[in-house]
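See below for the structure under consideration.
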Amino acid sequence: MSVKFGVKAIFVALALVFVTGQMRAFADDKPISFEADNVVVNQADGSLLATGNVLLEQAGSTLKADEVTYYQQTDRAVARGNVIHTDADGTVSRANFMELETEFTHIVAETLISQFVSGDWMAADHADRIAGDKAVFETSRFTPCNCDFVNGEKPLWDIRASQSVRNEKTKTITHFNLRMHVLNLPIFYLPYLSHPDWTVRRRSGFLTPSFMISSDFGFTPSIPYFQVIDDTKDVQFNLYKYQYRGAAVKTKYRQLWDQSAFQANIYTARVETYKAERETVGAVDASFTSTIGNDWNINTRLVRSSQDTFLRRYKFNTETSLKSSATAERIVNDRYYYIEASDRQSLTTANKNTNEPTILPHVFYEKTQKGWRPQQQLRTEISALQLDNDQDHDYARWSSVFEVAEDIPLTKGIGNYNASLMASYYEIHNQSSTASTKLGTVAHTNPSFSLGWRMPVAVTGFGRMAMIEPKAQVTYVGGNDRTDDIPNRDAAEYRIDEANLFLQHRYQGKDYILPGTRVDAGVGATANDQYLGNVAAFAGISRRLSGTPSAGLNANQDDIYSDYVASLSMSPAGLIDIRWSGRMSSHDFTLNESKTVASTRFGAGYLNLTHSQLSQAYFASGEDDREELSATLGQTIGAGWSLTANQIWDLSYGKTVREKTTAALNWSGGPQDCLTLTVNYEHDPNSDRDIGAVDQINFVLSFKHLGALSQDTIAGLAGGE
Numbered sequence: 009m010s011v012k013f014g015v016k017a018i019f020v021a022l023a024l025v026f027v028t029g030q031m032r033a034f035a036d037d038k039p040i041s042f043e044a045d046n047v048v049v050n051q052a053d054g055s056l057l058a059t060g061n062v063l064l065e066q067a068g069s070t071l072k073a074d075e076v077t078y079y080q081q082t083d084r085a086v087a088r089g090n091v092i093h094t095d096a097d098g099t100v101s102r103a104n105f106m107e108l109e110t111e112f113t114h115i116v117a118e119t120l121i122s123q124f125v126s127g128d129w130m131a132a133d134h135a136d137r138i139a140g141d142k143a144v145f146e147t148s149r150f151t152p153c154n155c156d157f158v159n160g161e162k163p164l165w166d167i168r169a170s171q172s173v174r175n176e177k178t179k180t181i182t183h184f185n186l187r188m189h190v191l192n193l194p195i196f197y198l199p200y201l202s203h204p205d206w207t208v209r210r211r212s213g214f215l216t217p218s219f220m221i222s223s224d225f226g227f228t229p230s231i232p233y234f235q236v237i238d239d240t241k242d243v244q245f246n247l248y249k250y251q252y253r254g255a256a257v258k259t260k261y262r263q264l265w266d267q268s269a270f271q272a273n274i275y276t277a278r279v280e281t282y283k284a285e286r287e288t289v290g291a292v293d294a295s296f297t298s299t300i301g302n303d304w305n306i307n308t309r310l311v312r313s314s315q316d317t318f319l320r321r322y323k324f325n326t327e328t329s330l331k332s333s334a335t336a337e338r339i340v341n342d343r344y345y346y347i348e349a350s351d352r353q354s355l356t357t358a359n360k361n362t363n364e365p366t367i368l369p370h371v372f373y374e375k376t377q378k379g380w381r382p383q384q385q386l387r388t389e390i391s392a393l394q395l396d397n398d399q400d401h402d403y404a405r406w407s408s409v410f411e412v413a414e415d416i417p418l419t420k421g422i423g424n425y426n427a428s429l430m431a432s433y434y435e436i437h438n439q440s441s442t443a444s445t446k447l448g449t450v451a452h453t454n455p456s457f458s459l460g461w462r463m464p465v466a467v468t469g470f471g472r473m474a475m476i477e478p479k480a481q482v483t484y485v486g487g488n489d490r491t492d493d494i495p496n497r498d499a500a501e502y503r504i505d506e507a508n509l510f511l512q513h514r515y516q517g518k519d520y521i522l523p524g525t526r527v528d529a530g531v532g533a534t535a536n537d538q539y540l541g542n543v544a545a546f547a548g549i550s551r552r553l554s555g556t557p558s559a560g561l562n563a564n565q566d567d568i569y570s571d572y573v574a575s576l577s578m579s580p581a582g583l584i585d586i587r588w589s590g591r592m593s594s595h596d597f598t599l600n601e602s603k604t605v606a607s608t609r610f611g612a613g614y615l616n617l618t619h620s621q622l623s624q625a626y627f628a629s630g631e632d633d634r635e636e637l638s639a640t641l642g643q644t645i646g647a648g649w650s651l652t653a654n655q656i657w658d659l660s661y662g663k664t665v666r667e668k669t670t671a672a673l674n675w676s677g678g679p680q681d682c683l684t685l686t687v688n689y690e691h692d693p694n695s696d697r698d699i700g701a702v703d704q705i706n707f708v709l710s711f712k713h714l715g716a717l718s719q720d721t722i723a724g725l726a727g728g729e
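Just so you know, we're using the working numbering here: the sequence shown kicks off at 9 and counts up by one.
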């Protein structure tokens, strides 16, 4: 006997109770509901046939089909025609036929196409899945590409296998007798391939190997192995076998705590060096960071190599010196604390023994607070430093600074004053053989005072408005001139510019304090113009009233006027941004230093040009100005392609010499986002011991979920093995 209901959106749970008075509308404790155009209940076997726009829901899963037969006694549903099943996790499966049982946790389907919540696709002629256990896909096809797989859009790559098994407990997908297709063309066959599914964050096992071909190293395979120790620790081993040069292993260890992290890269190798055909070498790069106590940030790093060129030659680290350090830093409201200990290892042949300074330690404390007046600020600074082997200089320094500053509104403009007292005490233990400084104890105290004025003025005319601010300052630095007694280790690179023109101590360090009196003046202006865009300009100069000139820190030692300091920036018509800054001689306007940056965007691309120039007067052996030009180009080509390139030219001595060149062509896989191709080119003419000039091309092809399948490098194109 059967009962037929021709009612839209009928809930069968209610219908069954109404018709039989005995049948349950629940599978265990999880209710099932139907919607359908027509429903037929067979009272003999307790089955239900729903046809026409059928929608069945249970435990967060939904089932849509042209026709569904539900067997209430066994909690089994059979769906036919345009079947669409969506599980509680968001996976959408389409099939011609689908059978579901055990509260929809066991599914058998024919001609299945599933899209997982990650966007990955799996298709199969036949599929059998037990939720939470495993799914078996016969005659399968898998791809992570973001494509309209249902409607026949071709993925960039896919794996076609006789069988694919997804183990939901181990979160692993295994393919048997597979062919990998790229752009719908088969590229290789494997009897077996296993990889983590899209839910895995990390997994123990071998990672995808890479391969390198180099004129220096020969054929070099690299096989990584990744081991998960627990939720907070893992380690990775990378083995490199160089055809011509030996072998190396890179070990990477990581560990996390609640507020701390540790990472260590350990390099061990037996390879060719400039010393021997095979030398056992090693290096370490380890770091530890933590937050402890009352917001103290701790950072430590140990970087060391047993051999000068090992890391650079074998592409592990490009640095020419390695700095190991331990720092502790704390910032709270009006206080700043800093502690540092460091040691540097030089990896170049020049000045190796005199360019490895050690700081043990540097302690710094600064406090700012309100003064006795509303706009007054007080600053206290205390520091201690032990510096060894800095170009043969060893010394200890203790110093302190007390400063009071205030802005005072005037009838016209704003006045300000700054008064400070700096005291330093030195114990100089060693010095360079060419130095004229003293050994032993040196102390100096330098009171300083500056009185300044500025007046921002708004100027209008020709339909435009500009802000002009003239500024002037008189600065006095007292005390004895100790520049010949104390080795200058923290101000040697000083050159006057817009940023330090109005500083009391332009050198900013403690070692080079030059007493005297000077007047600093400048004017800045900003405006917005419809043709020139945002315009900003500054020009300034300093005049020495008393005291000696800066020895070795100024191009014109006998001038009482400094170089003119100037800068200009604008963006004409919004098409190009131009930034220029420079210094010109105060007596003949010779350009002693300049830097020009021009950048523009065009469509989906950009171009940056940077030109730098520094007068030969700053180089003891200089025959001409030092000059450099660099260009950086970036362009998005479309369909996921992008190009970046950088070129540096050395223009010194009236010549044009091509320096380092880099270029990269990248394809991100376009809208499908599953395949990445990168081609890198590098030209570096610099060499050091056994590191030769390099012309290198690097290819990397990366597959989503599978990693980088290959890496081919051709290095040293100009030479060879």
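Backbone N, C-alpha and C fix where the C-beta goes; we use that ideal spot for every residue, glycine too.
### Query
Taking the DSSP output, what are the residues bridged to R634?
L622
### Message
Below 8 Å on the Cβ atoms is my contact criterion, and I expect Y248 with S222 to pass it. Report the Cβ-Cβ distance as a whole number of Å.
### Response
Not a contact, Cβ separation roughly 11 Å.
#### Entry: Length at least 3, wholly inside the segment 24-111: the beta strand (DSSP E) runs in chain order
38-43, 46-50, 55-66, 69-79, 84-94 and 100-109
#### Entry: Start and end residues, alpha helix (DSSP H) containing L319
F318 to R321
### Task
Identify every run of the beta strand (DSSP E) within the segment 138-190, keeping only runs that are complete inside it and at least 3 residues long; order them along the chain.
142-151, 165-175 and 180-190
### Query
What do you get for A23, buried or exposed, if any count of 16 or more other CB atoms within 10 angstroms of its CB means buried?
Its pLDDT being 41, under 50, A23 is placed unreliably by the model, and the measurement read from it follows with that caveat. It is buried - the Cβ of A23 has at least 16 other Cβ atoms within 10 Å.
#### Entry: Nearest neighbour of T276, chosen from E287, D266 and A336 [CA to CA]
E287
### Message
Cutting at 7 Å between CB atoms, please list the residues of its own chain near R551, excluding the five before and the five after it.
### Response
R526, V527, I568 and Y569
#### Entry: Beta-carbon contacts of R490 that lie in its chain and below 8 Å, excluding the five residues immediately before and after
V450, H452 and I521
### Query
Going by other Cβ atoms of all chains shown within 10 Å of its Cβ, with 16 needed for buried, is Y403 buried or exposed?
buried
### Message
Let me make sure I understand the geometry here. Which of V708, S428 and T670 has the alpha-carbon closest to that of P692?
### Response
In the sequence on display, residue 692 carries Asp and not Pro. The shortest Cα separation from D692 among V708, S428 and T670 belongs to T670.
### Message
Please tell me whether A169 and N192 are closer than 8 Å, where the distance is taken between their beta carbons.
### Response
no
### Message
Suppose you measure from the CA of L714 to the CA of S313; what does that come to, to the nearest Å?
### Response
33 Å
### Message
Measuring only the C-alpha atoms, how far is T613 from A647?
### Response
According to the sequence shown, residue 613 is Gly rather than Thr. Near 14 Å, if we compare the C-alpha coordinates of A647 and G613.
### Query
When you compare only the Cα positions, how much space is there between F157 and P580?
49 Å
#### Entry: DSSP beta-bridge partners of Q271
R262 and S295
### Message
Among N706, T82 and D133, whose alpha-carbon lies nearest the alpha-carbon of E111?
### Response
T82
#### Entry: Beta carbon of L615 nearer than 8 Å to that of T608
yes
### Query
For P152 versus D128, is the C-beta distance shorter than 8 Å?
yes
### Query
If Y200 and G226 are in contact, beta carbons under 8 Å, what's the gap, nearest whole angstrom?
With a Cβ gap of about 30 Å, Y200 and G226 do not count as contacting.
### Q538 to M475 span [Cα, whole Å]
16 Å
### Message
I'd like the ranges of any beta strand (DSSP E) spanning at least 3 consecutive residues and lying wholly in the segment 461-522.
### Response
465-469 and 472-485
### Message
For D293, tell me which candidate among H437, D266, N438 and Y261 has the shortest Cα-Cα distance.
### Response
Y261
#### Entry: Start-to-end residues for the beta strand (DSSP E) that takes in E348
R343 to S354
### Query
What's the call for Q383, buried or exposed, on a 16-neighbour Cβ count within 10 Å?
exposed
### Message
I'd like the list of long-range same chain contacts for M9, defined as Cβ closer than 8 Å, with 5 residues on each side in sequence excluded.
### Response
With a pLDDT of only 39 at M9, under the threshold of 50, the placement of this residue in the model should not be trusted, and no figure is reported.
### Query
How would you label H93, buried or exposed, when you count the other beta carbons within 10 angstroms and need 16 or more for buried?
buried
### Message
To the nearest angstrom, how far is the alpha carbon of H437 from that of V289?
### Response
35 Å
#### Entry: Local Cβ density within 10 Å of V76, reported as buried at 16 or more and exposed below that
buried
### Query
Should G254 go down as buried or exposed, given a rule of 16 or more other Cβ atoms within 10 Å for buried?
buried
### Query
What did DSSP end up calling Y661 once you bin it into helix, strand or coil?
helix
### Task
Inspect the beta-carbon positions of A535 and R472 and report whether they are closer than 8 Å.
yes
#### Entry: Unbroken beta strand (DSSP E) run spanning S212, endpoints
No beta strand (DSSP E) contains S212, which DSSP labels as neither H nor E.
### Query
For N302, which option in I339, L310 and A427 has the closest C-alpha, if you only look at C-alpha atoms?
I339
### Task
Return no unless some Cβ of chain C is closer than 8 Å to the Cβ of I221.
This model lacks chain C altogether; it includes just one protein chain.
### Query
Where does G678 sit, in a helix, a strand or coil, going by DSSP?
helix
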